[in-house]
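Residue numbers (this note's numbering): 13 to 231. All remarks here apply to the structure that follows.
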C-alpha cells in the first residue's frame, strides 16, 4: 500500500500549490489540505490471484475535469482500488481499470437582480476489474458506475472549488459501495476472507503485489 500513500501525499502537495495559483482567492483551508479520501479503514476485498494491477484511464476525454477542481475524480477511483483490493494469492492476476472519471459543469441559471447565478455539476465514475488466467485468457469481470449531480451557486472561485470537492467525494463514496456490491455479485468465488487475527498468515516467499469503474444519485 505504499504506492497509495505516496500518491495521496503527492496530491495533497498539488492541492496546496493550486490554492496559491488561483485568481487571488485561495481555496478554503479544509479543501486545500484534505487530499483524496481514504478507504483503508474498510475490510479489504481479497481476491484469490497472485497480482492486482491498477491501470488509469488512457483516453484524456475519459478523465475530463473542469476547473476549479481541487480533487481529481480519477485519483479518487485509483485510491479506492488501492485501498480496497488485495491479492490473497493464487493463479492468474487481476487488472483494475478506470474507464470514466469526469467532472463537468454547465450553467443552470444566469441569475438576476435578486437571484444568484447557478451551475450544475456532474461527476461520473466508472471502473472495471478483469480476472486473467495464467494462460492470459479472461476468467471473469465486474463493472461499477455511479453518477452524482448537484446544482450550486456559481459564486467565488473558492466556493466553486468547495462544491466540486464535495461532489467528487460523494461520488467516490457511491462508487466504493457499488463496486463492492458488483464484485461480490460477479466474482464471489474468488473472494477470500480476511486473515485471522488469532493466527496470522505465514508470509509467502514472494508476497502478492498490488500495483497502481454505478447507480445514479442527486444531491
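Glycine residues also receive a C-beta, built at the ideal position from the N, C-alpha and C atoms.
Report all residues from its chain with a CB closer than 6 angstroms to the CB of residue 52; omit the five preceding and five following residues, and keep chain order. Stepping through the chain shown from its first residue, residue 52 is reached at position 40. Shown here for residue 52: same chain residues with a beta carbon closer than 6 angstroms to its own, the five before and five after excluded, namely 95 in chain order.
Out of curiosity, what's the CA-to-CA distance linking residue 13 and residue 57? Within the chain shown, residue 13 is the residue found at index 1, counting from 1. Within the chain shown, residue 57 is the residue found at index 45, counting from 1. Below a pLDDT of 50, predicted positions are generally treated as unreliable, and residue 13, at 38, falls in that range; no measurement from the model is reported.
Cβ-Cβ distance between residue 2 and residue 92 below 8 angstroms: With the chain running from 13 to 231 in the structure shown, residue 2 is simply not present.
Cβ contact (3+ pairs, closer than 8 angstroms) linking the segment 140-150 and the segment 171-184: The answer is no - the segment 171-184 does not touch the segment 140-150, with fewer than three Cβ pairs under 8 angstroms.
Straight-line CA distance for residue 11 to residue 133? The structure shown does not extend to residue 11, since the chain is modelled only from 13 through 231, so no value can be given for it.
Give the range of the beta strand (DSSP E) segment to which residue 132 is assigned. The residue given as residue 132 occupies position 120 in the chain shown. It spans 130-144 - the beta strand (DSSP E) in which residue 132 sits, taken as one unbroken run.
Look up residue 65 in the DSSP assignment and say whether it is helix, strand or coil. Residue mapping note: residue 65 aligns to position 53 of the chain shown, counting from 1. Residue state for residue 65 is assigned as strand, using DSSP reduced to three classes.
Using C-beta distances below 8 angstroms, list every residue in its chain close to residue 115, excluding the 5 sequence neighbours before and after it, in chain order. Against the chain shown, residue 115 aligns to sequence position 103. Scanning its chain for C-beta atoms nearer than 8 angstroms, with the 5 sequence neighbours on each side dropped, one finds around residue 115 the residues 76, 77, 78, 81, 85, 133, 134, 135, 176, 179, 180, in chain order.
What are the start and end residues of the alpha helix (DSSP H) that includes residue 190? Numbered from its first residue, the chain shown carries residue 190 at position 178. Counting along the chain, the alpha helix (DSSP H) containing residue 190 begins and ends at 169-198.
How big is the Cα-Cα spacing for residue 174 and residue 48? Counting from 1 along the chain shown, the entry for residue 174 is found at position 162. Counting from 1 along the chain shown, the entry for residue 48 is found at position 36. Residue 48 has its alpha-carbon roughly 13 angstroms from the corresponding atom of residue 174.
By alpha-carbon positions, which one of 83, 164, 201, 66 ends up nearest to residue 123? Counted from its first residue, the chain shown places residue 123 at position 111. Of the candidates 83, 164, 201, 66, the one whose C-alpha sits nearest the C-alpha of residue 123 is 164.
Considering only the beta carbon of each residue, do residue 153 and residue 141 sit closer than 8 angstroms? As a working note, residue 153 is residue 141 in the chain shown. As a working note, residue 141 is residue 129 in the chain shown. Pairing residue 153 with residue 141 gives a Cβ-Cβ distance under 8 angstroms.
Cutoff 7 angstroms; reference residue 151; Cβ partners in own chain excluding five residues on either side: In the chain shown, counting from the first residue as 1, residue 151 sits at position 139. Spatial neighbours of residue 151 in its own chain (CB-CB distance under 7 angstroms, excluding positions within 5 residues in sequence) are listed in chain order as 104, 143, 144, 145.
So residue 76 is in the beta strand (DSSP E); what residue range does that whole segment cover? One-based indexing of the chain shown puts residue 76 at position 64. Going by DSSP, residue 76 is part of no beta strand (DSSP E) at all; its letter is neither H nor E.
To the nearest angstrom, how far is it from the Cα of residue 65 to the Cα of residue 109? The residue labelled residue 65 in the question sits at position 53 within the chain shown. The residue labelled residue 109 in the question sits at position 97 within the chain shown. Taking the straight line from one Cα to the other gives about 8 angstroms.
Around the Cβ of residue 36, are there at least 16 other Cβ atoms within 10 angstroms (buried) or fewer (exposed)? To locate residue 36, count along the chain shown from 1; it is residue 24. Bear in mind that a pLDDT of 44 at residue 36, under 50, signals an unreliable position, so the model cannot answer this.
From the DSSP output, in three-state form, read off residue 46 for me. Numbered from 1 along the chain shown, position 34 holds the residue referred to as residue 46. The answer is helix: DSSP assigns residue 46 an H, G or I state.
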